[in-house]
Amino acid sequence: MSKINQVLTIAGSDSSGGAGIQADIKTITMLENYAASVITAVTAQNTQGVRGVSMLDGEFVKEQLETVLNDLDIKAIKTGMLGTSEIIEIIASIVEDRELENLVVDPVMVATSGDRLLDVEAEDLLKARLLPLATVVTPNIEEAKVLIDREVSSPEDMEYAAKQISQLGPTAVLLKGGHSTGEEAVDLLYYDKEIHYLSAARINTTNTHGTGCTLSAAIASNLANGMEVIAAVKEAKDFITNALRNAEQIGRGNGPVNHLWKFDQK
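First residue of the sequence shown: -8, per the numbering used here; consecutive thereafter.
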(Lines of atoms letter the chains of each structure in order from A and count residues from 1; the text may use other names and numbers.)
(Lines give C-alpha, C1' and ligand atoms only; values in the text may rest on other atoms or scores of the structure.)
Protein backbone atom coordinates (compact mmCIF):
# COMPACT_ATOMS: atom_id res chain seq x y z
CA MET A 1 0.00 0.00 0.00
CA SER A 2 1.23 3.47 -0.88
CA LYS A 3 2.03 5.80 1.99
CA ILE A 4 1.04 8.74 -0.19
CA ASN A 5 -2.65 9.62 -0.06
CA GLN A 6 -4.20 9.87 -3.51
CA VAL A 7 -6.50 12.77 -4.34
CA LEU A 8 -8.58 13.16 -7.51
CA THR A 9 -9.52 16.45 -9.15
CA ILE A 10 -12.37 16.57 -11.67
CA ALA A 11 -12.29 19.92 -13.46
CA GLY A 12 -11.41 21.88 -16.58
CA SER A 13 -7.93 22.49 -17.93
CA ASP A 14 -6.51 26.03 -17.76
CA SER A 15 -3.95 26.50 -20.53
CA SER A 16 -2.26 29.31 -18.56
CA GLY A 17 -1.70 26.98 -15.61
CA GLY A 18 -3.16 29.17 -12.88
CA ALA A 19 -6.55 27.61 -12.21
CA GLY A 20 -8.52 24.43 -12.86
CA ILE A 21 -6.77 21.08 -13.14
CA GLN A 22 -3.33 22.66 -13.15
CA ALA A 23 -3.91 24.63 -9.94
CA ASP A 24 -5.41 21.58 -8.28
CA ILE A 25 -2.47 19.32 -9.15
CA LYS A 26 0.02 21.90 -7.84
CA THR A 27 -1.94 22.31 -4.61
CA ILE A 28 -2.40 18.60 -3.98
CA THR A 29 1.29 17.99 -4.65
CA MET A 30 2.43 20.81 -2.36
CA LEU A 31 0.32 19.28 0.40
CA GLU A 32 2.27 16.05 -0.08
CA ASN A 33 -0.43 13.98 -1.75
CA TYR A 34 -0.54 12.23 -5.11
CA ALA A 35 -2.73 14.06 -7.65
CA ALA A 36 -4.86 12.28 -10.25
CA SER A 37 -7.15 14.11 -12.67
CA VAL A 38 -10.26 13.77 -14.78
CA ILE A 39 -10.62 16.57 -17.32
CA THR A 40 -14.11 17.86 -18.16
CA ALA A 41 -13.18 20.71 -20.48
CA VAL A 42 -10.24 22.26 -22.28
CA THR A 43 -9.94 26.04 -22.26
CA ALA A 44 -7.92 28.54 -24.24
CA GLN A 45 -7.12 31.17 -21.66
CA ASN A 46 -4.42 33.31 -20.14
CA THR A 47 -4.18 35.81 -17.31
CA GLN A 48 -6.20 38.30 -19.37
CA GLY A 49 -9.25 36.14 -19.96
CA VAL A 50 -10.85 33.07 -21.51
CA ARG A 51 -10.75 32.91 -25.29
CA GLY A 52 -12.52 29.59 -25.78
CA VAL A 53 -13.92 26.49 -24.08
CA SER A 54 -14.33 22.99 -25.48
CA MET A 55 -16.36 20.61 -23.30
CA LEU A 56 -15.42 16.93 -23.37
CA ASP A 57 -17.99 14.28 -24.17
CA GLY A 58 -19.68 12.93 -21.06
CA GLU A 59 -18.93 9.32 -21.90
CA PHE A 60 -15.21 10.09 -22.16
CA VAL A 61 -15.33 11.87 -18.80
CA LYS A 62 -16.96 8.72 -17.44
CA GLU A 63 -14.24 6.56 -18.97
CA GLN A 64 -11.53 8.70 -17.39
CA LEU A 65 -13.21 8.56 -13.99
CA GLU A 66 -13.84 4.82 -13.93
CA THR A 67 -10.35 4.06 -15.20
CA VAL A 68 -8.78 6.08 -12.38
CA LEU A 69 -11.06 4.64 -9.70
CA ASN A 70 -10.48 1.07 -10.87
CA ASP A 71 -6.78 1.44 -10.16
CA LEU A 72 -6.01 4.15 -7.62
CA ASP A 73 -7.01 4.24 -3.95
CA ILE A 74 -8.62 7.68 -3.98
CA LYS A 75 -8.96 9.21 -0.51
CA ALA A 76 -10.67 12.45 -1.54
CA ILE A 77 -12.21 14.05 -4.61
CA LYS A 78 -12.52 17.71 -5.60
CA THR A 79 -14.82 18.87 -8.39
CA GLY A 80 -14.55 22.18 -10.20
CA MET A 81 -15.87 23.15 -13.62
CA LEU A 82 -18.32 20.43 -14.70
CA GLY A 83 -20.19 22.29 -17.41
CA THR A 84 -23.08 20.02 -18.38
CA SER A 85 -25.96 18.11 -16.85
CA GLU A 86 -24.61 14.89 -18.35
CA ILE A 87 -21.24 15.23 -16.63
CA ILE A 88 -22.83 16.17 -13.30
CA GLU A 89 -25.10 13.11 -13.41
CA ILE A 90 -22.21 10.81 -14.35
CA ILE A 91 -20.07 12.01 -11.46
CA ALA A 92 -22.92 11.91 -8.94
CA SER A 93 -23.90 8.38 -9.97
CA ILE A 94 -20.36 7.03 -9.69
CA VAL A 95 -19.68 8.74 -6.35
CA GLU A 96 -22.96 7.37 -5.04
CA ASP A 97 -22.56 3.83 -6.40
CA ARG A 98 -19.00 3.48 -5.15
CA GLU A 99 -19.77 5.19 -1.83
CA LEU A 100 -16.79 7.50 -2.26
CA GLU A 101 -15.92 9.75 0.67
CA ASN A 102 -14.42 13.20 1.18
CA LEU A 103 -16.04 14.91 -1.80
CA VAL A 104 -15.35 18.64 -2.02
CA VAL A 105 -17.58 20.48 -4.49
CA ASP A 106 -16.45 23.86 -5.81
CA PRO A 107 -19.73 24.85 -7.53
CA VAL A 108 -18.30 26.67 -10.53
CA MET A 109 -21.48 28.38 -11.70
CA VAL A 110 -20.71 32.05 -12.30
CA ALA A 111 -17.76 33.56 -14.20
CA THR A 112 -15.86 36.58 -12.88
CA SER A 113 -17.67 38.59 -15.55
CA GLY A 114 -20.99 37.59 -13.97
CA ASP A 115 -21.93 35.24 -16.82
CA ARG A 116 -23.59 31.96 -15.83
CA LEU A 117 -21.50 28.89 -16.60
CA LEU A 118 -24.30 26.34 -16.15
CA ASP A 119 -27.78 26.30 -17.62
CA VAL A 120 -30.79 26.04 -15.30
CA GLU A 121 -31.11 22.27 -15.74
CA ALA A 122 -27.46 21.74 -14.81
CA GLU A 123 -27.76 24.05 -11.80
CA ASP A 124 -30.78 22.12 -10.56
CA LEU A 125 -28.97 18.81 -11.05
CA LEU A 126 -25.93 20.06 -9.18
CA LYS A 127 -28.17 20.95 -6.24
CA ALA A 128 -30.25 17.77 -6.36
CA ARG A 129 -27.58 15.15 -7.12
CA LEU A 130 -24.08 16.34 -6.27
CA LEU A 131 -24.42 18.59 -3.23
CA PRO A 132 -26.11 15.90 -1.09
CA LEU A 133 -22.97 13.76 -1.60
CA ALA A 134 -20.52 16.51 -0.65
CA THR A 135 -18.48 16.66 2.53
CA VAL A 136 -17.77 20.34 1.87
CA VAL A 137 -19.25 22.71 -0.73
CA THR A 138 -17.36 25.97 -1.32
CA PRO A 139 -19.51 28.63 -3.03
CA ASN A 140 -18.48 32.25 -3.30
CA ILE A 141 -21.06 34.99 -2.80
CA GLU A 142 -22.22 34.98 -6.44
CA GLU A 143 -22.61 31.21 -6.46
CA ALA A 144 -24.49 31.32 -3.16
CA LYS A 145 -26.96 33.74 -4.75
CA VAL A 146 -27.62 31.21 -7.51
CA LEU A 147 -27.92 28.29 -5.10
CA ILE A 148 -30.58 29.97 -2.94
CA ASP A 149 -32.02 32.33 -5.58
CA ARG A 150 -31.68 35.31 -3.27
CA GLU A 151 -29.38 38.31 -2.84
CA VAL A 152 -26.45 37.83 -0.44
CA SER A 153 -24.69 40.97 0.76
CA SER A 154 -24.59 41.30 4.55
CA PRO A 155 -23.14 38.98 7.23
CA GLU A 156 -26.72 38.06 8.13
CA ASP A 157 -27.36 37.15 4.49
CA MET A 158 -24.27 34.93 4.52
CA GLU A 159 -25.46 33.08 7.61
CA TYR A 160 -28.89 32.58 6.07
CA ALA A 161 -27.38 31.43 2.77
CA ALA A 162 -25.05 28.92 4.41
CA LYS A 163 -27.91 27.41 6.39
CA GLN A 164 -30.11 27.21 3.29
CA ILE A 165 -27.37 25.58 1.24
CA SER A 166 -26.78 23.07 4.02
CA GLN A 167 -30.38 21.94 3.62
CA LEU A 168 -29.43 20.73 0.13
CA GLY A 169 -27.44 17.98 1.84
CA PRO A 170 -23.71 18.72 2.14
CA THR A 171 -22.03 17.98 5.46
CA ALA A 172 -20.47 21.45 5.58
CA VAL A 173 -20.80 24.73 3.70
CA LEU A 174 -17.85 27.11 3.30
CA LEU A 175 -19.22 30.42 2.05
CA LYS A 176 -16.27 32.41 0.75
CA GLY A 177 -16.22 36.14 1.43
CA GLY A 178 -12.99 36.94 -0.38
CA HIS A 179 -14.73 39.13 -2.98
CA SER A 180 -16.24 41.38 -0.32
CA THR A 181 -14.52 44.50 1.03
CA GLY A 182 -12.70 45.21 4.28
CA GLU A 183 -9.28 44.73 5.83
CA GLU A 184 -9.95 41.05 6.46
CA ALA A 185 -11.13 38.27 4.17
CA VAL A 186 -13.84 36.55 6.18
CA ASP A 187 -15.25 33.18 5.21
CA LEU A 188 -18.19 31.52 6.91
CA LEU A 189 -18.12 27.80 7.66
CA TYR A 190 -21.43 26.19 8.59
CA TYR A 191 -20.83 22.73 10.02
CA ASP A 192 -22.68 20.54 12.48
CA LYS A 193 -25.31 23.29 12.85
CA GLU A 194 -22.71 25.78 14.06
CA ILE A 195 -21.31 28.88 12.40
CA HIS A 196 -17.57 29.48 12.35
CA TYR A 197 -16.07 32.72 11.04
CA LEU A 198 -12.62 32.25 9.54
CA SER A 199 -10.66 35.48 9.13
CA ALA A 200 -7.37 36.27 7.45
CA ALA A 201 -5.68 39.49 6.45
CA ARG A 202 -6.82 40.67 3.03
CA ILE A 203 -3.85 40.55 0.68
CA ASN A 204 -3.48 43.56 -1.60
CA THR A 205 -2.75 41.83 -4.91
CA THR A 206 -4.32 41.47 -8.34
CA ASN A 207 -2.74 38.03 -8.70
CA THR A 208 -5.78 36.09 -7.59
CA HIS A 209 -6.32 33.71 -10.50
CA GLY A 210 -7.13 30.23 -9.21
CA THR A 211 -7.99 31.12 -5.61
CA GLY A 212 -11.23 29.09 -5.51
CA CYS A 213 -9.69 26.07 -7.22
CA THR A 214 -6.70 26.14 -4.91
CA LEU A 215 -8.77 26.46 -1.74
CA SER A 216 -11.09 23.55 -2.57
CA ALA A 217 -8.18 21.35 -3.68
CA ALA A 218 -6.41 22.11 -0.40
CA ILE A 219 -9.50 21.15 1.60
CA ALA A 220 -9.72 17.84 -0.28
CA SER A 221 -6.01 17.19 0.35
CA ASN A 222 -6.39 17.88 4.05
CA LEU A 223 -9.41 15.58 4.30
CA ALA A 224 -7.42 12.87 2.53
CA ASN A 225 -4.73 13.31 5.17
CA GLY A 226 -7.26 12.53 7.89
CA MET A 227 -8.10 16.02 9.15
CA GLU A 228 -11.61 16.64 10.38
CA VAL A 229 -13.65 19.25 8.55
CA ILE A 230 -12.92 22.39 10.58
CA ALA A 231 -9.19 21.76 10.69
CA ALA A 232 -9.12 20.87 6.98
CA VAL A 233 -10.81 24.15 6.07
CA LYS A 234 -8.66 26.27 8.39
CA GLU A 235 -5.44 24.77 7.06
CA ALA A 236 -6.66 25.26 3.50
CA LYS A 237 -7.44 28.93 4.18
CA ASP A 238 -3.92 29.37 5.57
CA PHE A 239 -2.50 27.78 2.40
CA ILE A 240 -4.38 30.09 0.04
CA THR A 241 -3.59 33.17 2.16
CA ASN A 242 0.12 32.43 1.86
CA ALA A 243 -0.26 31.66 -1.85
CA LEU A 244 -1.80 35.12 -2.30
CA ARG A 245 0.77 36.83 -0.07
CA ASN A 246 3.66 35.36 -2.07
CA ALA A 247 2.13 35.71 -5.53
CA GLU A 248 4.43 37.00 -8.26
CA GLN A 249 3.45 38.73 -11.48
CA ILE A 250 3.06 36.12 -14.20
CA GLY A 251 1.47 37.22 -17.44
CA ARG A 252 0.07 40.63 -18.35
CA GLY A 253 -3.26 40.36 -16.55
CA ASN A 254 -4.49 39.02 -13.20
CA GLY A 255 -1.79 36.48 -12.50
CA PRO A 256 -2.05 33.25 -10.54
CA VAL A 257 -1.49 32.71 -6.85
CA ASN A 258 1.84 31.18 -5.88
CA HIS A 259 1.22 27.48 -5.21
CA LEU A 260 4.92 27.03 -4.52
CA TRP A 261 5.05 29.54 -1.67
CA LYS A 262 6.43 26.99 0.78
CA PHE A 263 9.69 26.96 -1.14
CA ASP A 264 10.05 30.68 -0.39
CA GLN A 265 10.01 29.91 3.32
CA LYS A 266 13.15 27.76 3.14
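Even glycine gets a Cβ: it sits at the ideal position worked out from N, Cα and C.
In this structure, the straight-line span from the alpha carbon of Arg236 to that of Leu109 is close to 32 Å.
The segment 9 to 64 is shown to contain whole alpha helix (DSSP H) runs of 4 or more residues at 11 to 21, 49 to 60, in chain order.
In the three-state scheme derived from DSSP, where H, G and I count as helix and E and B as strand, Ala238 is classed as coil. Within the segment 186 to 246, complete alpha helix (DSSP H) segments of at least 4 residues are found at 202 to 215, 220 to 236, given in chain order. Apart from sequence neighbours up to five positions away, the residues of its chain that approach Met72 with a beta-carbon distance below 8 Å are Ala2, Gly3, Gly11, Thr31, Ala32, Val99, Leu108, ordered along the chain. The criterion of a C-beta distance shorter than 7 Å is satisfied by Thr20 and Ala26. Between the C-alpha atoms of Ile186 and Val128 there is a straight-line separation of about 15 Å.
Take the alpha-carbon of Ala163 and the one of Asn245: they are about 30 Å apart. At a cut-off of 3 residues, the continuous stretches assigned as beta strand (DSSP E) that sit fully inside the segment 61 to 138 are 65 to 70, 94 to 96.
Excluding the 5 residues flanking it on each side, Glu77 has same chain C-beta neighbours closer than 6 Å at Gly49, in chain order.
Under DSSP, Tyr181 forms a beta bridge with Val164, Ile186. Shown here, Ile1 sits in a strand according to DSSP, grouped into three states.
When only Cα atoms are considered, Thr38 and Val220 end up about 32 Å apart. Setting aside the 5 residues that flank it on each side, Trp252 is surrounded in the same chain by Asn233, Ala234, Asn237, each with a C-beta closer than 7 Å to its C-beta; the list follows chain order. Ile156: member of the alpha helix (DSSP H) spanning 146 to 157, first to last residue. Only residues of its own chain outside the window of five on either side were considered, and among them Asp5 have a CB closer than 6 Å to the CB of Gln13, listed in chain order.
Looking only at Ser84, Gln36, Val29, the smallest Cα-Cα distance to Thr58 is reached by Val29. For Lys253, the enclosing alpha helix (DSSP H) covers residues 252 to 255. Nearest Cα to Gly74 within the set Ile65, Ile210, Asp97: Asp97. Between Lys167 and Asn198, the beta carbon gap of about 17 Å keeps them out of contact (Cβ cut-off 8 Å).
Shown here, Glu175 sits in a strand according to DSSP, grouped into three states.
Judged by their CB atoms, Val177 and Ser157 are not nearer to each other than the 7 Å cut-off. Here the alpha carbon of Ala227 sits roughly 6 Å from the alpha carbon of Leu206.
The C-alpha of Glu142 lies about 14 Å from the C-alpha of Lys154. In terms of Cβ geometry, Val(-2) and Ala215 form a close pair [threshold 7 Å]. Thr126 places its beta carbon 7 Å or farther from that of Leu159.
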